[in-house]
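Chemist: Residue numbering for the first sequence follows the numbering used here, starting at 43 and increasing by one per position. My structure is below; once you've seen it, I'll send some questions.
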Amino acid sequence: MLQISVLRDQTDLVLAGLAKKHYPTGPADVAAILDLDQRRRQLQTSHDAAQAEANELARQIGGLMKTGDKAGAEALKARTAELKQHTQAAAAELAQVEEGQKQLLFKLPNLPHASVPEGRAAADNEVVREHGTKPTLGSDTQPHWELIKKYDIIDFELGNKITGAGFPVYKNQGARLQRALINFFLDQARQAGYTEMQPPILVNEASGYGTGQLPDKDGQMYHDAKDNLYLIPTAEVPLTNIYRDEIIPLDKLPIRITGHTPCFRREAGSWGADVRGLNRLHQFDKIEIVQITEPERSYDALEAMLAHVESLLQQLNLPYRVLRLCGGDMSFTSALTYDLEVWSAAQGRWLEVSSVSNFETYQANRLKCRYRAEGGKTQLLHTLNGSALALPRIVAALLENNQTSTGIELPLVLHSYCGFERIG
RNA sequence: AGAGAGGUGGCAGAGUGGUCGAAUGCGACGGUUUCGAAAACCGUUAUACCGGCAACGGUAUCGGGGGUUCGAAUCCCCCCUUCUCUACCA
Numbered sequence: 043m044l045q046i047s048v049l050r051d052q053t054d055l056v057l058a059g060l061a062k063k064h065y066p067t068g069p070a071d072v073a074a075i076l077d078l079d080q081r082r083r084q085l086q087t088s089h090d091a092a093q094a095e096a097n098e099l100a101r102q103i104g105g106l107m108k109t110g111d112k113a114g115a116e117a118l119k120a121r122t123a124e125l126k127q128h129t130q131a132a133a134a135e136l137a138q139v140e141e142g143q144k145q146l147l148f149k150l151p152n153l154p155h156a157s158v159p160e161g162r163a164a165a166d167n168e169v170v171r172e173h174g175t176k177p178t179l180g181s182d183t184q185p186h187w188e189l190i191k192k193y194d195i196i197d198f199e200l201g202n203k204i205t206g207a208g209f210p211v212y213k214n215q216g217a218r219l220q221r222a223l224i225n226f227f228l229d230q231a232r233q234a235g236y237t238e239m240q241p242p243i244l245v246n247e248a249s250g251y252g253t254g255q256l257p258d259k260d261g262q263m264y265h266d267a268k269d270n271l272y273l274i275p276t277a278e279v280p281l282t283n284i285y286r287d288e289i290i291p292l293d294k295l296p297i298r299i300t301g302h303t304p305c306f307r308r309e310a311g312s313w314g315a316d317v318r319g320l321n322r323l324h325q326f327d328k329i330e331i332v333q334i335t336e337p338e339r340s341y342d343a344l345e346a347m348l349a350h351v352e353s354l355l356q357q358l359n360l361p362y363r364v365l366r367l368c369g370g371d372m373s374f375t376s377a378l379t380y381d382l383e384v385w386s387a388a389q390g391r392w393l394e395v396s397s398v399s400n401f402e403t404y405q406a407n408r409l410k411c412r413y414r415a416e417g418g419k420t421q422l423l424h425t426l427n428g429s430a431l432a433l434p435r436i437v438a439a440l441l442e443n444n445q446t447s448t449g450i451e452l453p454l455v456l457h458s459y460c461g462f463e464r465i466g
């Protein structure tokens, strides 16, 4: 969440940022938060003064009890009772005000970076660059949901039977291709300096709040009510929460970690057109990269992460484009996001396979993820993450773009990972 | 899952109702000493919020939450977690 000090000291900047993100009730919410903040400080000051007096009296009573002056002690207790009433009332209201302020702060999205383009929706996103050549396919071109049946490598019917829609079973060369991609992506990340991690894929409530999935996207996560745990929608959640409530020593920065996990998304209400086949699933595999850096270095880190993801797509020989998301299309928690889309030749459309974002201090503020700056003061770090990469749409593009009459020719880089060069 | 024992500052480890944010040791940092270093000695050594230009002052925090009390690390209740044994499992 945004820092209250920023709302206080740079209100205009905050309002401008919220407007750029097309956040509906910016000025009203900010005003309400600042009102609560003022009340909060009043209450705290008054509470602390009363508590200080009560502490002093308690000390005096202690002294009197020691000398056996019971009457003297009793005389002071009258005043402590008054003070107690006051501190309790103040503490109760303070808790209420703080909770109210927190709820409002949770509702405010992150502020967009200066380079974020103006715009309301996906059509307003800026195409930064396009790379690679779209393949020209013959007239017998098939979309990937036909190809997977033809080669019997991914089975949706079987997934329906076992679980439900959106939970496919990967079979034969399909399963091996999954495993190959996972290994390829993890190896690449490790070579780029990321430390491999294997985190839990169920997380507690505190972690959900830490990275901002809660309370915002409650309905998008699968929830185990019995243990109050959430199935992760992305490895971002467990990986970033490793550093929740930590003060990271300067010499450990930047943090660079990677991990492969299955990801679970309820995708409530988002099923409709264009979700056939592998385009949108309830469960999928993804390799995530995460960086945590000092504020001055986070945008360099963001560019490095983007370059890493691009190199993966280049090695896979997939045509792609890089988008800089506009204010209205960015995620709630992001300050700047690049989306990477691959060309899906048979569908004739771009598919999002990665999203690389800098959250600046928005997540770190919730996470209390800090470092000790020059002069000994603790300061919030910047958190970043990106998909590198999400598997299903990569598989869709690989199948469609590389189809031939004799099978699917896989890119060279995957041959050794797969143990075969062609599907079919 | 059942029984028992624990969870104290960066670490180790005292403290079982009254100036305890917390002894002591180690580590770290600064200083004295030294050509330099080690050793020795002296000092500093948490986080957050509130007030203040600041110096500084106040409040809270001894796994988390609630309670008893004028006063809680210390007593009571709930939860989390670690270890040992038993059960079970991969």
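All residues carry an ideal CB built from backbone N, CA and C; glycine is no exception.
Would you call the CB atoms of L85 and A132 closer than 8 Å?
Modeler: Result yes, Cβ atoms of L85 and A132 sit closer than 8 Å.
Chemist: In this structure, how does DSSP classify H155 when only helix, strand and coil are distinguished?
Modeler: Coil, per DSSP.
Chemist: Taking all protein chains shown into account, do 16 or more other C-beta atoms lie within 10 angstroms of the C-beta of T335, making it buried, or fewer, making it exposed?
Modeler: Flag for T335 reads buried.
Chemist: Which residues in the same chain as G68 place their Cβ atom closer than 7 Å to its Cβ, once the five residues preceding and following it in sequence are excluded?
Modeler: Answer for G68: L57, L60, A61, listed in chain order.
Chemist: Counting Cβ pairs closer than 8 Å, one from the region 322-329 and one from the region 403-417, do we hit at least three?
Modeler: In short, these stretches do not touch, since the Cβ pair count stays below three.
Chemist: Could you check which residue in I204, R286, D266, Y236 has the C-alpha nearest to that of W297?
Modeler: First, the amino acid is wrong: residue 297 is Ile here, not Trp. It is Y236.
Chemist: Can you round the beta-carbon distance between E330 and L281 to whole angstroms, since I take them to be within the 8 Å contact cut?
Modeler: Correct: roughly 6 Å between the Cβ atoms.
Chemist: Which partner residues does R298 have in the DSSP bridge list?
Modeler: Paired residue(s): Q333.
Chemist: State yes or no: is the C-beta of Y4 within less than 8 Å of the C-beta of V384?
Modeler: Past the edges of the chain, shown from 43 to 466, lies residue 4, and the structure says nothing about it.
Chemist: For G449, which residues does DSSP report across the bridge?
Modeler: T446, per the DSSP bridge assignment.
Chemist: Identify which residue in D54, R82, G254 has its Cα closest to the Cα of A476.
Modeler: Lying outside 43 to 466, the shown extent of the chain, residue 476 is not represented and no answer is given.
Chemist: Would you list, in sequence order, the uninterrupted beta strand (DSSP E) runs of no fewer than 3 residues that lie entirely inside the region 147-218?
Modeler: Listed in chain order, they are 168-173.
Chemist: For the structure I just gave you, are there three or more beta carbon pairs, one from the region 114-123 and one from the region 90-105, closer than 8 Å?
Modeler: They touch, by the three-pair rule.
Chemist: Would you identify the three-state DSSP class for D77, choosing helix, strand or coil?
Modeler: D77 falls in the helix class under three-state DSSP.
Chemist: Using CA coordinates, which residue listed in D197, F209, V158, R408 is at the minimum distance from T379?
Modeler: The option with the nearest alpha carbon to T379 is V158.
Chemist: How long is the line joining the alpha carbons of S181 and N444, rounded to whole angstroms?
Modeler: Whole-angstrom Cα-Cα distance: 14 Å.
Chemist: Please name the residue, chosen from I290, I289, Y285, Q255, that lies closest to L273 on a Cα-to-Cα basis.
Modeler: Selected option, being the one with the closest Cα: Q255.
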